[in-house]
Structure formats: structure tokens, C-alpha cells
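Working notes for the structure below.
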Amino acid sequence: MSKGRKSSRVRIQFLALLMLLGMGALGLKLWWIQVAHGAEWTSQLRGSSQATVRIPSVRGEIKDRNGITLVQNRASYEVDFYLPEMVKGYRERFGSPPLSEYRAIINGMPKDQKEPDIIRIVNDGIVPRLNDLDLARDYNAAKLQRHYRNDTEVPFSYIKDIDFPTMAKFSEHDVGLPGVDIAIKPVRSYVYGALAAHILGYVGMPDDIDKEEARKFTFYQQDMEGKSNIEKTMDEYLRGKPGVRYLRKNAKGTIEGVLREDPPEQGANVLLTIDARIQAITEEALRAVNRAGAVVVDPNNGNVLAMATVPSFDPNTFIPSIKAKDWKALQKDEGDPLVNRAIS
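Residues in the sequence shown are numbered consecutively from 2, following this note's numbering.
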């Protein structure tokens, strides 16, 4: 055999070996991706195509001794802005977002900082579409900016407590804008207004956000919490269990629909010893005195049947949050309607 033929055979064998090694490496890589880390890649893919929304729990009702409902819930529709999603959507649609400067205190020293100009992003990227549908509303720009800087874990409420026709219009036209969502939230309703207000109390938004829990969701919606009286003392029983809504997102991050929903669970109902009829009669009698308090007790067992004080206040004014002018009016009222004269 000539040296030339032998050399050619060696080269062919060497090339064949290289091909086998290459195919082996490729096969190993495919195994590593599909088998060894398949679940991880699948999880990441799913995470990029869906979003999770925490649905607030529904509080239990408060009833009198005869089962008459004094406090219940009603459905409220509102339009929420998820600001990080809006910034992301703006960047994908228009490029780098506009920036705004502000001064922050870092390590005790004032420093100039830059952040996406959320007001311009909303006005340029969101409001025009809402204007086209006649759905745009005035909003507090300074509050929006503070919210973006401090509370991005929770949505910014663009429109609260909208009526059903407006909600239907939003749904019908499917605005299709990143970070815009229509939320249905339970709102506390005090059925008889000021009746037994100093017994029932009222609810409000928590002072602090549970940031650890908020990180578990793409969009976080808070529960209301009891702020005074029965709403506060029985808060752990009245609170329910939150639900989760899984949303489908397209490649641009726009919400396209609901994949599934685990509904929230309602909290326990609380039954009081008071009698709503006796409470109403007692309050009416005290109004003739103008400022007074009284307690009606069942002599057989000591149960409190009524605990009335006048003047009083309507807890519904605190829902979802009391306006500054209403709060000032309550504080300046010479009758001190926030004081419970039945126990003070």
C-alpha cells in the first residue's frame, strides 16, 4: 500500500472520529437541556408567558343577635395601573423611556437620581388610547409619581368604584395596554349608615405592605383591615383567604386573557349580642338630648343589647378611604362624633 493511500485513510478516520465526537457532544447538550434541566426551562418559559394576580380576600359579615346583616360587602370595579409593566411596555414599543430627575437621601447624603418619567409614560403611552375610547379620567400626577417611587408592589388605582356600564365598556373594547387591568374588589358596606357605628368600627388599607408576600405575585392587591372596634378586634376571624388569578401575556407583555382563577374564600361571619331594633330606638331617643351615650343590657344574662352614642358618624365615608375634607369636618365637629360617650 502506498504512503499516499495510507495517509488518506488516516485523515478519513480522523474526520470520522471528529464527527462522532461532535455528534456525541451535541447529543449530550440536548440531553442536558431537555432532560436534566427540562423542568427548569419549562418553568422559565411559563413564567415569561403568564402573570399572577393576588385577589383580595372577602371579609365576613357582621350581624345582630337576630341575624340581621349590619355590615356586608358589595362588588366594586376599578381600573388599576401596574406601573412596572407600563414602563416595560413603553420600552418595547417606543424604545428607552423618558427619564426624570429627583433628589434622594442615600446614606444620609442628598444625591440626584434618575428614574423613568412615569407621568410622561402614562400620558404618552396610555392616555391617548383611553381618550380614543372616551375612558380617560383626570388623575393626581404627583400621587402617581410617589406611588411609582415607593409602592410598585401594588397597583395604582386610576379610577375607583366605576359603574357597571363603564366597566363593561373597558371590557368590550379590551384596551390591550400593558399594565392596565380591570379589578373587581369587595368593598365594605355598612347597611344602616351611622347605626351602631361606634360598635362596628370601619376598615381601611393597611399602613404597611407585606413585601415578602408581594414578591410571590406579579400583581399584588391588598386586603382591607379593621381599623377600629369590632372590625379591628375581630379582624383575624373576619378576614378570608385571598385568591389567585393567572393571566396570559403575549411576547410584548400585554395581558391577553385569564388562564384560570382560584377564587378567594370569605371570612367568618360575626354574630353580635346587640339587637338592631333596640339599637335604633336607643339612638333615636338620645338625639333629643343632642350629646349623650347609653347602654342597654339584658338583665337575665348581662348581654349588651344596645350601646348608643350621639352624635355619630357614617363608616361608609371611610370606604375605600376617607377624603381629607371629610376627615377635617369630623375632627372640627364640636359634637365630637368620633367619641364613644357610652363608654367614656
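By construction, the Cβ of each residue, glycine as well, lies at the ideal position given by its N, Cα and C atoms. Because the structure is a prediction, the values reported are computed rather than measured.
Excluding sequence positions up to five before and after A137, its CB lies within less than 8 Å of the CB of V128 and L131, all in the same chain and listed in chain order.
When DSSP states are grouped into helix, strand and coil, G126 belongs to the helix group. Runs of the alpha helix (DSSP H) lying entirely within the stretch 298-338, each at least 4 residues long, are 325-333 in chain order. A residue is called buried once 16 or more other Cβ atoms fall within 10 Å of its Cβ, and I185, having fewer, is exposed. In the three-state reduction of the DSSP assignment, T283 falls in the helix class. Using a 10 angstroms sphere on the CB of I106, the tally of other CB atoms stays under 16, which defines it as exposed.
Burial is judged here by how many other beta carbons sit within 10 angstroms of a residue's own beta carbon; A277 has at least 16 and is buried. When the Cα atoms are used, A295 and K233 turn out to be separated by approximately 22 Å.
Between the alpha carbons of I119 and E173 lies a gap of roughly 27 Å. Annotated as proximal: F171 and V80, with beta-carbon spacing under 8 Å.
Considering only L178, P98, S97 and E335, the residue with the shortest C-alpha distance to L134 is L178. Take the alpha-carbon of V59 and the one of R240: they are about 7 Å apart. The stretch 155-209 contains, as complete beta strand (DSSP E) runs of 3+ residues, the segments 157-163 and 181-191 (chain order). Residue nearest to V340 within the set F165, E226 and H199 is H199 (criterion: CA-CA distance). The C-alpha of P243 is placed about 38 Å away from the C-alpha of R104. Between P187 and the set A325, A330, I320 and K329, the nearest pair of CA atoms involves I320. When DSSP states are grouped into helix, strand and coil, N67 belongs to the coil group. Buried is the label assigned to Y83, since at least 16 other Cβ atoms lie within 10 Å of its Cβ. The three-state reading of DSSP puts E62 in coil, since its state is none of H, G, I, E or B.
Per DSSP, the unbroken alpha helix (DSSP H) holding D236 starts and ends at D236 to L239. Inter-residue distance for A76 and S322 is about 16 Å (C-alpha atoms, whole angstroms). Between D152 and the set K250, D211 and T167, the nearest pair of CA atoms involves D211. Listed in chain order, the non-local C-beta contacts of A52 below 6 Å within the same chain comprise T219, L248 and K250, local neighbours out to five positions each way being set aside. As DSSP reads the structure, I106 sits in a beta bridge with P111. Residue burial is scored here from C-beta neighbours: S313 has at least 16 other C-beta atoms within 10 angstroms and is therefore classed as buried.
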